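Before any comments, here is the structure.
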Amino acid sequence: MPRCAWCTDDPIYIAYHDREWGVPQRDPAVLFELLILEGFQAGLSWLTVLRRRDYFRQVLHGFDPQRLANFSDEDILRLLQDPGLIRNRRKLEAVRGNARAWLRIDAPADWLWSFVGGTPIINRPAHIGEVPVHTPEAEAMSKALKKAGFSFVGPTICYALMQSAGMVMDHVVDCPRHAELSQPPR
């Protein structure tokens, strides 16, 4: 099957491309996990994060925002010693801070989706070079998230979140997933 050019032949990446990327997600738990993982991805490849996702889920209590909001400084120091994680103090502190900010938002999934008008934006890129790294919607989301107390939520991270959560569908037009995800929901 032809796939988007960013998808390597790694089985983890193929599964992510074929089953997850661009699929609309409205479950707050899924959106929070993606927000946290996209923050960890900053400066790294998404494949690096995907390879560690199951371990992140285990160590970060299934991305339960209530539990993460209660992390102590000692918890963060302990995680900094864990070789299975991306050991970056600022990113780990952002997990705690973002969980606290998430819990302060009423209906966070609806709020995030409001930046695209509640409906996925279906783009029609002919090739990967036409896919932007951020958009005005991502910039607006970034500003609002920062104002709400989130960190590691710049416009590029927000656009990646929008893509991974299906708020924006950027599969190239010759990728079979484009046709599948461009159909109206049934």
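According to the working numbering, the sequence shown is numbered sequentially starting from 35.
All C-beta atoms, glycine included, are put in the ideal place defined by N, C-alpha and C.
Since the model is a prediction, treat every value here as computed from it, not as a measurement.
message = Using the Cβ count rule (16 or more neighbours within 10 Å means buried), how would you classify ALA141?
response = That one is exposed.
key: Separation of MET175 from ALA182, as counted between CA atoms   = Taking the straight line from one Cα to the other gives about 10 Å.
query = Where does VAL150 fall in DSSP's three states?
reply = VAL150 sits in a helix when the DSSP states are folded into three classes.
ask   = Which residue spans inside the segment 147-205 form an unbroken alpha helix (DSSP H) run of at least 4?
value = Here the runs fully enclosed are 170-181, 189-198.
inquiry  = Quick check on TRP145: does DSSP put it in helix, strand or coil?
reply    = Here TRP145 sits in helix by DSSP.
request  = Drop a sphere of 10 angstroms on the beta-carbon of MET201, count the other beta-carbons inside from all chains shown, and report buried for 16 or more, exposed for fewer.
outcome  = Classification for MET201: buried.
task = Reducing DSSP to helix, strand and coil, say where LEU119 ends up.
result = Shown here, LEU119 sits in coil according to DSSP, grouped into three states, outside any helix or strand.
ask   = Just curious, the alpha helix (DSSP H) that ILE70 is in, first and last residue?
value = That run of the alpha helix (DSSP H) goes 62-75.
request  = Determine, using beta carbons only, whether ASP204 and PRO159 come nearer to each other than 8 Å.
outcome  = Contact annotation: ASP204 and PRO159 have beta-carbon atoms nearer than 8 Å.
key: N-terminal and C-terminal residue of the alpha helix (DSSP H) that LEU94 is part of   = No alpha helix (DSSP H) holds LEU94; DSSP gives it neither H nor E.
Distance between HIS161 and PRO210 (C-alpha atoms, nearest Å) = Near 13 Å, if we compare the C-alpha coordinates of HIS161 and PRO210.
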